[in-house]
Amino acid sequence: MKNFFFTVVLLTGAIFCHAQGYATKITVALDGSGDYSSISEAIFATKAFPDVPITIYVKNGVYEEKVEVFSWNTRLSIIGEDQDSTIITWEDHFGKMANGRNGTFHTYTMLVDANDFHGENLTIINSSGPVGQAVAIHVEGDRVSFTNCSFQGHQDTMYLTGEGYRTYFKNCFISGTTDFIFGQGTAWFEGCEIRSRSNSYITAASTEKGDQFGFVFSNCKLTAEDGVDEVYLGRPWRKYARTVFINCEMEKHILPVGWHEWSNEDDRSTTYYAEYKSFGPGASPDTRISWSKQLSKKEAKAHTRDKVLRGWQP
């Protein structure tokens, strides 16, 4: 049904111009059958701060490009034909960028710097391999959503930032090694698979002081590649890190202690790490570190999608 809908959109017209005179439907295809042959070209062609949302439809193919959705590309959607076959890939990493101590933040394969962005049916890969920090997706906009997308990398796969900025992930796949979901943003992960590729840490939140929520995982599944058997749920990048797992299935690679304080024991008093009804062989509430929390039913009800995203309906 998904591909049928996508085909109908393409057949009914590659570009639809709104009364204001700008394109609201754009297609991208490597074989030249669309309006553009690269995603970046299509983004460059979109109207800044549009009154009517703009959708870029991307046909199957491997798009080897560093994609940037700029702050003025608001109300933009990029929708792939099929998650497994619509692939965006690039291979920047910390050592390659040589941008000093902050080089990690330049390594992204895709940057979303705009508000009200939506991505769907896409695979986004940082193909550098296990060579250090190498971001696949970097989100620095508010009200950003992804559905049925795959994010693949090693260290620092997913960077979510912006004080209080909200990101929503539904039915997505996220893989990595060390701190592969990190940043200061607020994010709700729903029905996602979180795949560890080495013995390390899944999250490294740096939630701002005073923010009620950081990363919240709801009904997700934590899996691991063969040979991976010692993984922490997270460690605090900064002292007010907040990460919560609700009704999540955890395979045996999750360590009984669950969490780690990184190198600063003082962070134990300010970090908020919690779980509610984790299940599976990696769920071990009785052996979690003492400064983490097992939520009561009442406390869990304070972590709904509507509350975490502060009323935003993706």
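Residue numbering for the sequence shown follows this note's numbering, beginning at 1 and increasing consecutively.
Beta carbons are placed, not taken as given, at the ideal position from N, Cα and C, and that holds for glycine.
Suppose the cutoff is 8 Å on Cβ atoms and the five residues either side in sequence are ignored; what does the same chain contact list for residue i look like?
i, result
"Phe-5", "With a pLDDT of only 46 at Phe-5, under 50, the local geometry of the prediction cannot be trusted, and no value is derived from it."
"Asn-60", "Gly-80, Glu-81, Asp-82, Ser-85, Thr-86"
"Arg-288", "Pro-256, Val-257, Gly-258, Trp-259, Glu-275, Gln-294"
"Val-228", "Ser-196, Arg-197, Ser-198, Asn-199, His-253"
Short of 6 Å in beta carbon distance, which residues of its chain neighbour residue i, apart from the five on each side in sequence? Order them along the chain.
i, result
"His-18", "Bear in mind that a pLDDT of 47 at His-18, under 50, signals an unreliable position, so the model cannot answer this."
"Tyr-272", "Arg-242"
"Val-308", "Trp-188, Phe-213, Val-216"
"Tyr-108", "Val-135, His-138"
"Glu-140", "Asp-113, Thr-161, Gly-162"
"Tyr-165", "Asp-142, Gly-185"
"Phe-16", "Caution is warranted here: a pLDDT of 48 is assigned to Phe-16, below 50, making its placement in the model unreliable, and no coordinate value can be reported."
"Asp-92", "Thr-107"
"Glu-225", "Arg-197"
"Gly-119", "Ile-78, Phe-146, Cys-149"
"Ala-45", "none"
"Pro-285", "Gln-294"
"Ser-38", "Glu-65"
"Thr-270", "Lys-239, Tyr-240"
On the premise that residue j lies in contact with residue i, defined as a C-beta separation below 8 Å, what is that separation, rounded to the nearest angstrom?
i, j, result
"Val-28", "Tyr-22", "Actually they do not touch by this definition, with Cβ atoms about 17 Å apart."
"Ala-42", "Phe-70", "Not really, about 13 Å apart at Cβ, beyond 8 Å."
"Cys-248", "Asn-219", "7 Å"
"Gln-155", "Asp-179", "7 Å"
"Val-62", "Thr-89", "6 Å"
"Leu-122", "Gly-80", "4 Å"
"Thr-40", "Val-58", "Position check: residue 40 holds Ser in this sequence, whereas Thr was assumed. Not a contact, Cβ separation roughly 11 Å."
"Asp-267", "Lys-239", "5 Å"
"Thr-203", "Ser-175", "No, Thr-203 and Ser-175 are not in contact; Cβ-Cβ is about 14 Å, not under 8 Å."
"Glu-193", "Lys-221", "5 Å"
"Ile-54", "Lys-47", "7 Å"
Mind checking who residue i pairs with in its DSSP beta bridge?
i, result
"Met-110", "Val-67, Ile-137"
"Leu-160", "Val-139"
"Ser-218", "Glu-190, Ile-246"
"Lys-170", "Thr-147, Glu-190"
"Ile-181", "Met-158, Thr-203"
"Gly-176", "Ser-196"
"Lys-293", "Ala-274"
"Tyr-36", "Val-28"
"Gly-21", "For Gly-21, which the question treats as bridged, DSSP gives no partner whatsoever."
"Gly-258", "According to DSSP, Gly-258 bridges with nothing at all."
"Gln-313", "The partner list for Gln-313 (beta bridge, DSSP) is empty, contrary to what the question assumes."
"Val-317", "Not covered by the structure: residue 317. The range shown for the chain is 1 to 314."
State the start and end residues of the unbroken alpha helix (DSSP H) segment that holds residue i.
i, result
"Gly-95", "94-97"
"Lys-297", "297-300"
"Lys-307", "305-308"
Ordered along the chain, which non-local residues of its own chain (more than five positions away) have a Cβ less than 7 Å from that of residue i?
i, result
"Phe-245", "Phe-217, Leu-233, Glu-275, Ser-278"
"Leu-255", "Glu-230, Val-231, Tyr-232"
"Lys-170", "Thr-147, Glu-190, Gly-191"
"Ala-283", "Met-250"
"Ala-300", "Ile-246, Tyr-276"
"His-303", "Val-216, Val-244, Ile-246"
Need the endpoints of the beta strand (DSSP E) that residue i sits in, please.
i, result
"Ser-40", "First-last for Ser-40: 39-44, but that is the alpha helix (DSSP H), not the beta strand (DSSP E)."
"Val-28", "25-28"
"Val-58", "54-58"
"Glu-275", "272-276"
"Ser-77", "76-80"
"Gly-118", "Before going further, note that residue 118 is His rather than Gly in the sequence given. Its beta strand (DSSP E) spans residues 118-120."
"Tyr-232", "232-234"
"Asn-115", "Counting along the chain, Asn-115 falls outside any beta strand (DSSP E), and DSSP gives it neither H nor E."
"Asn-126", "123-126"
"Trp-237", "First-last for Trp-237: undefined, no H or E at that position."
"Thr-89", "86-90"
- Any chance the region 117-127 sits against the region 97-106, with 3 or more Cβ pairs inside 8 Å? no
- Message: So, does the region 75-82 touch the region 92-100, judging by three or more C-beta pairs under 8 Å?
- Response: no
- State whether the region 133-145 contacts the region 278-292, with contact taken as three or more CB pairs (one from each stretch) at a distance under 8 Å. no
- Task: Please confirm if the region 283-294 is in contact with the region 136-154, defined as three or more CB-CB distances below 8 Å between the two stretches.
- Result: no
- Message: Under 8 Å: do the region 201-211 and the region 173-190 share three or more Cβ pairs, one atom per stretch?
- Response: yes
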